[in-house]
Amino acid sequence: MARPAKLRVAVSDPAQWIGERERARMLAPKLRALADETRLMLILLIAQRPRTVKELQEATGLSQTLVSHHLAPLREQGLIEAIPKGRSNQYVMCCQTLAEPLRMFASLAAMDPETVAACLQPEADQAGTVQNA
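Using this note's numbering, the first residue of the sequence shown is number 1, and each one after it goes up by one.
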């Protein structure tokens, strides 16, 4: 049997076709969905690997109802999707390109105060002058 041809999809940079105000308007609901500590914990678990509600319950200690309640806004914002697996759904990241930046962003909270302070210091360029971010 012949293998189907792979589709190549080119994704353009949204900055080329919409302004900053529109990008912010589109991003705000997604960030609101992530701003809840429980939803952020769930999406970080899903970013590690696809998970069922039962697996998320076991990992968090939350009830099935509460897990499902918190997954709904993440699904509504297109951050995760439910893939039917037998009698349950497996939740996956909308795209794996989102998983790594999300994990990296979450790791900032785990940094010690000295590391965070170092990140906030302006860097010196090669000529020795300070660059402002």
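All residues carry an ideal CB built from backbone N, CA and C; glycine is no exception.
Nearest C-alpha to Arg75 among Met93, Gly86 and Thr60: Met93. Comparing C-alpha distances from Thr38 to each of Gln48, Gln57, Ser107 and Arg23 shows the shortest one belongs to Gln57. According to DSSP, Met93 shares a beta bridge with Ile80.
In terms of Cβ geometry, His70 and Leu42 form a close pair [threshold 7 angstroms].
One thing to note: Gln77 has its Cβ within 7 angstroms of the Cβ of Ala33.
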